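Engineer: Chains as they are written, first to last, in UniProt numbering: chain G, 1 to 328; chain A, 1 to 328.
By construction, the Cβ of each residue, glycine as well, lies at the ideal position given by its N, Cα and C atoms.
Since the model is a prediction, treat every value here as computed from it, not as a measurement.
Protein chains: 2
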Amino acid sequence: MPRVTSADVARESGVSRTTVSYVLNAKDGVVITDATRQRVLDAAARLGYTPSAAARTLRSGRSDLVLVVLPDWTVGPVIDTLIDHLTTTLADHGLSVLVHSGRGKGSLADLWRAVTPCAVLGLAPFADEDTYAMRRAGIPVVGTALDEDPHPEIFSVPQTNIGALQVDHLVERGHRALAYAAPADDRLSAFADRRLAGVQAACQDHGLPAPRVAAVGLDVESATAAVRAWRSGDEPVTAVAAYNDEVALAVLAGLRAEGLRVPDDVAVIGVDDIPTAKLAAPPLTTIWQAIDAQASYLAASVLAALDPAVRPPSQTSDVFHVVAREST
Amino acid sequence: MPRVTSADVARESGVSRTTVSYVLNAKDGVVITDATRQRVLDAAARLGYTPSAAARTLRSGRSDLVLVVLPDWTVGPVIDTLIDHLTTTLADHGLSVLVHSGRGKGSLADLWRAVTPCAVLGLAPFADEDTYAMRRAGIPVVGTALDEDPHPEIFSVPQTNIGALQVDHLVERGHRALAYAAPADDRLSAFADRRLAGVQAACQDHGLPAPRVAAVGLDVESATAAVRAWRSGDEPVTAVAAYNDEVALAVLAGLRAEGLRVPDDVAVIGVDDIPTAKLAAPPLTTIWQAIDAQASYLAASVLAALDPAVRPPSQTSDVFHVVAREST
DNA sequence: CTGAAAGCGCTTACAG
DNA sequence: CTGAAAGCGCTTACAG
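#1: Shortest alpha-carbon distance to Asp245 of chain G belongs to which of G:Val302, G:Glu221 and G:Val322?
#2: Report buried or exposed for Val23 of chain A, applying the criterion of at least 16 other Cβ atoms within 10 angstroms of its Cβ.
#3: If I measure Cβ to Cβ from Val20 of chain A and keep anything under 6 Å in the same chain, skipping five residues before and after, which residues do I get?
#4: Is the beta carbon of Ala91 of chain A less than 7 Å from the beta carbon of Leu170 of chain A?
#5: For Ile83 of chain G and Val68 of chain G, which I take to be in contact (beta-carbon distance under 8 Å), what is that distance rounded to the nearest angstrom?
#6: At 9 Å on the CB atoms, spell out the chain A contacts of Thr116 of chain G, in chain order.
#7: Does any C-beta atom of chain A lie closer than 7 Å to the C-beta of Pro275 of chain G?
#8: Strictly below 7 Å CB to CB, what residues from chain A border Val97 of chain G?
#9: According to DSSP, what are the bridge partners of Tyr49 of chain A?
#10: On a Cα-Cα basis, can you pick out the residue from A:Gln204, A:Thr160, A:Phe320 and A:Arg228 that is closest to Asp292 of chain A?
#11: Within this structure, are the beta carbons of Ala281 of chain G and Arg135 of chain A separated by less than 7 Å?
#12: May I ask you to list the residues that DSSP assigns as paired with Phe320 of chain A?
#13: From Asp110 of chain A to Gly61 of chain A, what does the alpha carbon distance come to, in whole angstroms?
#14: Can you pull the DSSP bridge partners for Arg212 of chain A?
#15: Let me see if you follow: with CB-CB separation under 7 Å, is Leu170 of chain A close to chain G or not?
#16: From Leu218 of chain G to Ala114 of chain G, what does the alpha carbon distance come to, in whole angstroms?
#17: How many Å lie between Ser107 of chain A and Asp72 of chain A at the Cα?
#18: Leaving out the 5 sequence neighbours to the left and right, which residues in its chain are closer than 6 Å to Trp288 of chain G when beta-carbon positions are compared?
#19: Compare the C-beta of Ala253 of chain G against all C-beta atoms of chain A and say whether one is closer than 7 Å.
#20: Roughly how many angstroms separate the alpha carbons of His85 of chain G and Gln204 of chain A, rounded to a whole number?
#21: Using a Cβ cut-off of 7 Å (strictly closer), state whether Ala250 of chain G contacts chain A.
#22: Glu235 of chain G touches chain A at which residues, Cβ-Cβ below 9 Å?
#23: Determine the extent of the alpha helix (DSSP H) in which residue 329 of chain A is found, giving its start and end residues.
#24: Which ranges does the beta strand (DSSP E) cover as unbroken runs of at least 3 residues, wholly within the region 249-308 of chain G, from first to last along the chain?
#25: Tell me, please, whether the CB atom of Ala281 of chain G is closer than 7 Å to any CB atom in chain A?
#26: So, for Ile162 of chain A: in the same chain, excluding its five sequence neighbours on each side, which residues have a beta-carbon less than 7 Å away from its beta-carbon?
#27: Does DSSP put Leu98 of chain G in a helix, in a strand, or in coil?
#28: For Asp219 of chain G, which residues in chain A fall below 9 Å Cβ to Cβ?
#29: Using a Cβ cut-off of 9 Å, pull out every chain G residue sitting near Leu58 of chain A, in sequence order please.
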């Protein structure tokens, strides 16, 4: 079963490959008789013709692949959903998503030089050097920033805002002695530190003492130890802002182990609104992220980077939202 | 910044492109002077040469991309981990993973014909028609079966075994009146139905009455309704085998809402051992899947399909394992 | 309005 | 041991 090429379509429809190309690519500026066009289209359909991506890429120097570079830490359900949306949205524009796990040992440079993607989308910050090299090669790079960033080709998901939102909610509920439950995995520090910074700044804004910080792993022991520390001293903690929902669930388990009531003794708020957050005991208050909106923004950014005629999307300001449940 | 080509390397090292190709591809059967080889290697490194994947693909008719086709339902953390492992493992063999979400509107046929992957890996069963077409085009297809399957190019994760394992564990704990908590999402039925079949068969084997089945969504209401139904009648259910951990957590929430104690009144067992399973109240007993082993198997299958000299891996028989915690 | 020809970068028979 | 040449399938100036 040799591949069906444009030459086959040309032969089948009795025209040249040039004409086939013009018809199939809807080249404007060139006028093709309706009859000819139809003949080509029919032949292509009859033969089941699909243009070779490799040949196209070789010719144009640019493939239809969007290289999505993942962070090197465990991706959670959030990034999962994000990629899923991206894949389907970009597919509608004839673009395929190639996922590169940051953990892979192959260098990023080798990969992008090999596949010549039409755009690169980083879900974690790139090394400046990589960004420059790709830009120099003419490949649009859409990056992610964890802080506020005005560049349209940088998608900013300001992590500090998340921490601030958590504190605002806890203060509203009357809490003044706060703690921050950091993740135990160091690779998350880029996120965790910024969320903590947001928590700290918000505490200061509200005139509260600095939050007490402890690392909490996804196990009861580690959470229990943190809870004990938080409850000790003159002013025991009455509310915990957790790095994310999983950490929050660990905190809940730790509080349970210590016989403390939630939210009466200690309130807990997470981040992400994972599907099981509402199933916790008690149901977990959390920060919901508009993943769909983020994915759409990212897809639009890529599309805008690809075509100067497409206006870059404006940063969605309202991506975070408190979901209040019984844990606060 | 035009691309560095093999011609540049040839010029730089004073040899022909043929020689460059021979050196860089470690072509055996051809002997190259050590001096020449070194000169070529140095020039390539100095210039930062990376062969064009497009040109290679066009030439050989086969790319270095492994197309991984996802199911059209929400992928959970399990598949997430799986893809991650695959990406890194295959990267070590110079292969890149291209993820195609089953949900995308573009047809699978168009995608594989366009990118000419060196292999296709289906994480959900393919339509026979698709499989045939790819095989006919000479593309090795590694599939996934949800039942026992002897074909080496089919990875079987016999779902019925999972259900059986759940029942065995519950029976060991002395339960005789069992229920099965099915997921509310219809797209999961390929998995859910087989796990249920395993539960049913095991009940029969143990001489128990047929399990009572109810669909449970990821919310307390739906779980509460299921629990009520299960507890009604002459012989109230005392143990629940859930489709997966998330559903199990919902069941736990339903039992809590009904004021039932776990495991004294009703025991619950899930599947997957998600990170938060051990944080539940009470910690959830579940079936652990050896994802790493599965990923390794899949990667090895792909590699074997690519190279006849590589022996296909033998099916890992021991991929499931009960993790007993306090919920049973 | 349509066709012949060149060239993207690579590898591999085929000659030397 | 090394080089000149062809060809993978496509698109696009350039001619007609």
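Structural biologist: Let me lay it out:
#1: If we check each option's Cα against that of Asp245 of chain G, G:Val322 comes out closest.
#2: Flag for Val23 of chain A reads buried.
#3: Here the set comprises Ser6, Val9, Ala10 and Val40.
#4: In this structure, Ala91 of chain A keeps its C-beta atom at 7 Å or more from the C-beta atom of Leu170 of chain A.
#5: That pair is a contact at about 6 Å.
#6: Within chain A, Arg3, Ser52, Ala53 and Ala54 have C-beta atoms less than 9 Å from the C-beta of Thr116 of chain G, given in sequence order.
#7: By the rule that beta-carbons nearer than 7 Å mark a contact, Pro275 of chain G touches chain A.
#8: Scanning chain A for C-beta atoms nearer than 7 Å to the C-beta of Val97 of chain G yields Val99, reported in chain order.
#9: As computed with DSSP, Tyr49 of chain A is found in no beta bridge at all.
#10: Closest option to Asp292 of chain A, judged by alpha-carbon separation, among A:Gln204, A:Thr160, A:Phe320 and A:Arg228: A:Phe320.
#11: Against a cut-off of 7 Å, the Cβ pair of Arg135 of chain A and Ala281 of chain G comes out as no contact.
#12: For Phe320 of chain A, which the question treats as bridged, DSSP gives the partners A:Gln289.
#13: Taking the straight line joining both Cα atoms gives about 16 Å.
#14: Per DSSP, the beta-bridge partners of Arg212 of chain A are A:Ala179.
#15: So no, Leu170 of chain A is outside the interface.
#16: About 39 Å.
#17: Ser107 of chain A and Asp72 of chain A: Cα-Cα distance of roughly 13 Å.
#18: These residues qualify, in order along the chain: Asp273, His321 and Val323.
#19: Yes, its Cβ sits closer than 7 Å to a Cβ of chain A.
#20: Roughly 43 Å separates the two Cα atoms.
#21: True, the Cβ-Cβ gap to chain A drops below 7 Å.
#22: Within 9 Å of the CB of Glu235 of chain G, no CB atom of chain A is found; the nearest one sits about 27 Å away.
#23: Outside the shown range of chain A, which is 1 to 328, sits residue 329 of chain A, and nothing can be said about it.
#24: Runs of the beta strand (DSSP E) inside the region 249-308 of chain G: 267-269 and 286-289.
#25: At least one CB of chain A lies nearer than 7 Å to the CB of Ala281 of chain G.
#26: Counting only Cβ-Cβ distances below 7 Å, and skipping sequence neighbours, we find Arg195, Gly198, Val271, Ile287 and Phe320.
#27: Strand, per DSSP.
#28: Chain A residues near Asp219 of chain G: Lys278 and Leu279.
#29: Result: Ser52, Ala54, Ala55, Thr57 and Leu58.
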